[in-house]
Amino acid sequence: MKNKLIVKWENRIQEYKFLFSELVKRDFSQKYKQTSLGMAWSVLSPLLTLLVMKVVFTEFFGRNTPHYTTYLFSGNLVMAFYKEATKNGMDSLMKNSKIIQKINLPKYLFLLSKNVSALVNFSLTMIVYFFFCFLDGIQFGPRMLTLLFPVLCLTVMNIGIGMILSALYVFFRDIKYLYDVFLTLLTYLSAIFYKVDKFSPATQKLFLLNPVYVMIKYFRTVVIDMTIPPIQYHALCLFYACFYLAIGSWVYKKYNSEFIYYL
């Protein structure tokens with residue numbers, strides 16, 4: 018006999034399945050509305066960023082770094098996914114305020130639709146990423162399947178952080194500008210274009226306090242170093258995912274009834 022909680026969630030999924038799919042389609046179409054290249058931008062944008070960074074940083078940081086193109090691409094890939102999911106998630110409530118004010122439905126649906134849209138873009142870019150890995154002489158193998166783990170952890174973490182940001186944005190509009198500054202700082206602290214082994218062992222451990230860097234390092238370890246991270250590293254990825262999801266869920270549960278007064 019099924020648990021009552023499981024049955025409740027199955028009924029809720031079926032109830033909002035159509036609405037959720039329509040939200041995802043809308044978010045995806047709005048992103049490329051009135052653009053000449055449409056979905057191609059989901060691939061071209063990270064490639065152009067990669068090209069600029071390769072030209073600028075290769076001479077300074079990548080001269081003696083094996084597979085520096087893949088090294089850069091790994092960092093850009095993860096960071097772009099994180100930025101898109103969290104920034105779009107931040108204003109998911111505000112942009113759908115008219116719907117929320119008229120219809121009583123779970124507010125997290127709007128956030129989840131933004132994250133699914135970001136995940137689709139990420140998946141498209143992953144195809145190009147593997148193609149560049151092939152051109153860069155990366156050896157493929159069954160270990161590549163383990164990349165599903167950090168992708169899953171990153172997706173869950175993005176949802177949790179998106180919940181926190183979207184709640185804050187409802188009450189404090191200034192958070193949007195502060196977060197842009199934070200993202201710039203986070204980009205420089207995530208070792209996208211430089212290697213952390215130039216720092217002391219103590220400083221290298223401090224980088225692990227940055228969850229985005231943790232996911233980037235997982236990619237580089239599997240793809241470039243051709244090894245699978247130890248179980249402790251998997252636990253760290255899982256911790257960040259569950260930690261931010263737990264906080265985000267608590268925030269939504271606590272302030273759910275107050276959102277409507279500020280939208």
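When you line the sequence shown up against the working numbering, it's residues 18 to 280, in that order. Where is the CB? At the ideal position from N, CA and C, for every residue including glycine. Small disclaimer: the values here were computed from a predicted structure and weren't measured.
Distance, residue j Cα to residue i Cα
{"i": "residue 262", "j": "residue 182", "result": "12 Å"}
{"i": "residue 135", "j": "residue 82", "result": "30 Å"}
{"i": "residue 192", "j": "residue 104", "result": "11 Å"}
{"i": "residue 196", "j": "residue 150", "result": "32 Å"}
{"i": "residue 23", "j": "residue 173", "result": "With a pLDDT of only 49 at residue 23, under the threshold of 50, the placement of this residue in the model should not be trusted, and no figure is reported."}
{"i": "residue 118", "j": "residue 112", "result": "12 Å"}
{"i": "residue 26", "j": "residue 137", "result": "Note that residue 26 scores a pLDDT of 49, beneath 50, so its modelled location is shaky and nothing firm can be said."}
{"i": "residue 201", "j": "residue 221", "result": "20 Å"}
{"i": "residue 198", "j": "residue 148", "result": "33 Å"}
{"i": "residue 238", "j": "residue 140", "result": "20 Å"}
{"i": "residue 271", "j": "residue 157", "result": "46 Å"}
{"i": "residue 265", "j": "residue 207", "result": "23 Å"}
{"i": "residue 276", "j": "residue 176", "result": "18 Å"}
{"i": "residue 269", "j": "residue 153", "result": "44 Å"}
{"i": "residue 250", "j": "residue 180", "result": "25 Å"}
{"i": "residue 205", "j": "residue 223", "result": "14 Å"}
{"i": "residue 126", "j": "residue 168", "result": "20 Å"}
{"i": "residue 252", "j": "residue 218", "result": "21 Å"}
{"i": "residue 234", "j": "residue 164", "result": "11 Å"}
{"i": "residue 68", "j": "residue 178", "result": "29 Å"}
{"i": "residue 260", "j": "residue 267", "result": "11 Å"}
{"i": "residue 120", "j": "residue 247", "result": "47 Å"}
{"i": "residue 65", "j": "residue 142", "result": "12 Å"}
Beta-carbon proximity check, residue i vs residue j, cutoff 8 Å
{"i": "residue 97", "j": "residue 131", "result": "no"}
{"i": "residue 240", "j": "residue 87", "result": "yes"}
{"i": "residue 254", "j": "residue 229", "result": "no"}
{"i": "residue 216", "j": "residue 95", "result": "no"}
{"i": "residue 124", "j": "residue 227", "result": "no"}
{"i": "residue 160", "j": "residue 107", "result": "no"}
{"i": "residue 128", "j": "residue 109", "result": "yes"}
{"i": "residue 92", "j": "residue 245", "result": "no"}
{"i": "residue 144", "j": "residue 84", "result": "no"}
{"i": "residue 171", "j": "residue 99", "result": "yes"}
{"i": "residue 189", "j": "residue 146", "result": "no"}
Residue i - DSSP class collapsed to helix/strand/coil
{"i": "residue 275", "result": "coil"}
{"i": "residue 249", "result": "helix"}
{"i": "residue 269", "result": "helix"}
{"i": "residue 81", "result": "coil"}
{"i": "residue 210", "result": "coil"}
{"i": "residue 124", "result": "coil"}
{"i": "residue 68", "result": "helix"}
{"i": "residue 241", "result": "coil"}
{"i": "residue 256", "result": "helix"}
{"i": "residue 225", "result": "coil"}
{"i": "residue 113", "result": "coil"}
{"i": "residue 179", "result": "helix"}
{"i": "residue 118", "result": "helix"}
{"i": "residue 197", "result": "helix"}
{"i": "residue 4", "result": "In the structure as shown, the chain starts at 18 and stops at 280, and residue 4 therefore has no counterpart that could be examined."}
{"i": "residue 216", "result": "coil"}
{"i": "residue 157", "result": "coil"}
{"i": "residue 262", "result": "helix"}
{"i": "residue 189", "result": "coil"}
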